[in-house]
Ligand code: FES
Ligand code: FES
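Protein chains in written order, with full-length UniProt numbering: chain A, 1 to 184; chain B, 1 to 777.
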């Protein structure tokens, strides 16, 4: 792909989002978050800081939670992206409802995605792991207790998230990622 | 009661967990223009020159706007230009706007604007501002347009002074055997709602102005845009979808004005202004700071006798809501105690800091930090149990508040009951300071809290219930869903009153000022009280219409009808009746004739008998009731490093009536979390130029998961007799005592007076160092 220096020149890319291939025109400097929201109408991922601090923009890329404000859209080419819109009736969402694990709801898509990704990677995480994963996001409304309860009720219920075990999910030619989910 | 007191799921649950919930910034239209701001890099400076030449020439730029030719704005004192003119008074103040066809082009053009400033001396604390030699931040203070209930002092930095004069101070001091005097200070900080503020505006050819905003006060936006810009009020139409956290910060009107100005400069086209996180912290109004001095006296036995208070509020560069905040701080200037002799001066000071907007608790958590720390100092000097000191002075029916409101069992909750429960929950008798060995000390600190509202005396709330053909009903109210779940509570109230299934109450989350009855502002924990009363009246109105229609169809007196099971039926023969469905759109006879029409229930409510404060004594009735509570915090302090862990945080609140237990608990724990972060770590750091050094969520850090303590929350129920089902305000109260309780626990653990916020280990270390050099407690 030839990329011009002119930041206003658009290129057409293909992304695989929620199992569908979509084509969109972007500037090379566009953030994945902005492409999702402005170009594809997927506004579930929210901007909260554009700095990697809040996690409101979290999506799942190749089974890892990623802050879409820290990714360029072109970095997502050929990767497998799941946004909150691609998650329907998951167990974690039901438990978020049951446990009142949200108030204003602005952080909620991010928390649902990071929780869901955690369960995909480790259906039975220990306390330390849960803290490590959930502390990547900020919720200003709740005291986190409700989110914790929602997550643990899924953990206790066994792997009820309706997911295939990790190793059987087809990687679809995705690039390797290190443990933080960053592209190598 | 079927619906009241039940933890029914929130009406906004599924849209929120699926990402379908729409917030202001989510709206995107093809022809939209984007606004970027140029903000002041200084706390105080003259604007010498603005060079716009390059910005204007860039592709895609529609307008470049600077100050001048704009009206002065402000809710009580008009002292602020929406875009700075000739002078900036705080770091982050808007100096210019660029409107362009993409956000990037707007940003790029904004970055080419070159501004020359001449820095001026900076006022960095309200005590500095009070100094007669201090530079004036508003030389024209006396000339500004203002409402009548605010008292700016020309030639000073005092934007407003509220005086409380209750009882006889001479008598009070003569009866005081033990007196303490302490000073406190805390700098401004931020709400840090996850959704940064955002506003959209367009102006139609016929003059109609359309605003969409992430706001707690769309009806105030409507009013102020009409007043500031001379537009017929009915031609300003404001829409507010779901709001991503408010905590008071979105009750100020700011970005909406910029959006309107930008649209006007771009031929009325639709424009969007969204704050970056940094702008949200710097440019938009922040959480107020406070310097305080309290002198408190009591008898040998611990009976409070007299208190003299000076509150100096750090209102920032402009007075907007800060004057009202300083007034609210005077209204409940003491803790929830009976004190016969009170003298308080609460001054709203201008400084070169970001200006203030309301913050959850509306001045009460700041006041309580100062007052409840003083209570602990007094207990310490008396050698008395601090919980017992509070219990014996607790405010009760028959007592009067600082503004001389005589309380009764409806207007104030049961504080002794709250204290009693707190004592149990904290295992108080096991000791307050426990040495755990290994350089670890466990300590317990407490705070009692109270709060009433100080909203406009004629603030109104309305509800409309519109029936659907199947007998279900649409609930329309101007309360904004900012996260507190108020609209679910309203649905519970309507469901209960109409005796209709909760699923059949359809809640309209979005508010539109043209089609939604006004709810003054979604603030002050008054949503469910006021809109709840309006909802009850609307339900009764609908019931009366249903009964009248049934009376006609069934040829029986209206009085003979009852409702139940979504039917109207005859009391003595329930088999004779009509379903809501048969009546929802009027009644149609078998031959096709029809009578009546769609059932539309209307209700409204205004709090009664409220008065403004007397300017000399402060006497007046600001709100209908005082919610009270008792709160506690347990910490473990490392006595070598002065780091600490908050292990437990407890609230016992008199909720009047718990309408939805899980939601109530969520409100209280969420508020506790915010209060602990405020007390423990949140503050703006200012440099000598008045610049905020930490406007990011990695340098300004709210609590994250894993840093939270265990939360315990309990409710007492003492009904407020005028409110729906006895409920009391609840949204703010979990926060109120947290900074104070944290300060009290850490002061006890460390053995020093910790009278500043935030309570960072560094502060404890500094005080400890001072103490080690001889200034022991
Ligand atoms: S917006 Fe991506 S982490 Fe905050
Ligand atoms: S629910 Fe509001 S920030 Fe989490």
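The C-beta atom is built at its ideal place from N, Cα and C for all residues, glycine as well.
Fair warning: this is a prediction, and the values are worked out from it, not measured in the lab.
Listed by chain order, chain B residues near residue i by CB distance under 8 angstroms
i, result
"residue 51 of chain A", "277, 696, 697 and 698"
"residue 44 of chain A", "18, 19 and 20"
"residue 48 of chain A", "194, 195, 196, 277 and 697"
Those residues which DSSP pairs with residue i across a bridge
i, result
"residue 569 of chain B", "B:562 and B:577"
"residue 462 of chain B", "B:604"
"residue 27 of chain A", "A:10"
"residue 314 of chain B", "B:289 and B:349"
"residue 118 of chain B", "B:46"
"residue 512 of chain B", "B:239"
"residue 582 of chain B", "Residue 582 of chain B pairs with nothing; no bridge assigned."
"residue 435 of chain B", "B:441"
"residue 626 of chain B", "B:412"
"residue 519 of chain B", "B:461"
Assigned secondary structure, residue i (DSSP; H/G/I helix, E/B strand, else coil)
i, result
"residue 669 of chain B", "helix"
"residue 548 of chain B", "helix"
"residue 766 of chain B", "helix"
"residue 126 of chain A", "coil"
"residue 301 of chain B", "coil"
"residue 215 of chain B", "coil"
"residue 149 of chain A", "helix"
"residue 484 of chain B", "coil"
"residue 654 of chain B", "strand"
"residue 14 of chain B", "helix"
"residue 192 of chain B", "coil"
"residue 492 of chain B", "helix"
"residue 138 of chain B", "coil"
"residue 829 of chain B", "Here chain B comprises residues numbered 1 to 777, so residue 829 of chain B is not present and cannot be evaluated."
"residue 645 of chain B", "strand"
"residue 446 of chain B", "strand"
"residue 159 of chain B", "strand"
"residue 696 of chain B", "coil"
"residue 144 of chain A", "coil"
"residue 364 of chain B", "helix"
Per-residue contacts from residue i into chain A (C-beta, under 7 angstroms)
i, result
"residue 704 of chain B", "135 and 138"
"residue 243 of chain B", "104"
"residue 16 of chain B", "102, 105 and 108"
"residue 193 of chain B", "140"
"residue 23 of chain B", "106"
"residue 482 of chain B", "104"
Contact under 8 angstroms by Cβ, residue i with residue j
i, j, result
"residue 287 of chain B", "residue 359 of chain B", "yes"
"residue 440 of chain B", "residue 473 of chain B", "no"
"residue 348 of chain B", "residue 315 of chain B", "yes"
"residue 716 of chain B", "residue 413 of chain B", "yes"
"residue 452 of chain B", "residue 103 of chain A", "no"
"residue 602 of chain B", "residue 724 of chain B", "no"
"residue 460 of chain B", "residue 290 of chain B", "no"
"residue 449 of chain B", "residue 296 of chain B", "no"
"residue 196 of chain B", "residue 511 of chain B", "no"
7 angstroms Cβ cut-off: residues of chain B touching residue i
i, result
"residue 60 of chain A", "Under the 7 angstroms cutoff, chain B gives no residues; its nearest Cβ is about 13 angstroms from residue 60 of chain A."
"residue 143 of chain A", "669, 670, 672, 673, 708 and 711"
"residue 146 of chain A", "666"
"residue 97 of chain A", "9, 13, 14 and 17"
"residue 56 of chain A", "194"
"residue 38 of chain A", "28"
"residue 35 of chain A", "By Cβ distance, chain B contributes nothing, its closest Cβ being about 12 angstroms from residue 35 of chain A, past 7 angstroms."
Residue i Cβ short of 7 angstroms to ligand 3 heavy atom set
i, result
"residue 103 of chain A", "As presented, the structure is devoid of ligand 3, carrying ligand 1 and ligand 2 as its sole ligands."
Partner residues on chain A for residue i, Cβ-Cβ distance less than 8 angstroms
i, result
"residue 598 of chain B", "Going along chain A, no residue has its Cβ under 8 angstroms from residue 598 of chain B, so there is no contact; the nearest lies around 32 angstroms."
"residue 239 of chain B", "Within 8 angstroms Cβ-Cβ: nothing; residue 239 of chain B doesn't reach chain A, min ~17 angstroms."
Neighbouring residues, chain B, relative to residue i (Cβ below 9 angstroms)
i, result
"residue 17 of chain A", "Within 9 angstroms Cβ-Cβ: nothing; residue 17 of chain A doesn't reach chain B, min ~13 angstroms."
"residue 93 of chain A", "14, 17 and 18"
Contact set between residue i and chain A, taken where Cβ atoms lie within less than 9 angstroms
i, result
"residue 662 of chain B", "99, 100 and 146"
"residue 485 of chain B", "100 and 103"
Starting from the N-terminal side, write out each stretch of the alpha helix (DSSP H) that is 4 residues or longer and does not extend beyond the stretch 29-114 of chain B.
Entirely contained in the stretch 29-114 of chain B, the alpha helix (DSSP H) runs reaching 4 residues are, in chain order, 53-57 and 103-112.
I'd like the ranges of any alpha helix (DSSP H) spanning at least 4 consecutive residues and lying wholly in the stretch 83-136 of chain A.
Complete alpha helix (DSSP H) runs here, min 4: 91-98, 108-121 and 127-134.
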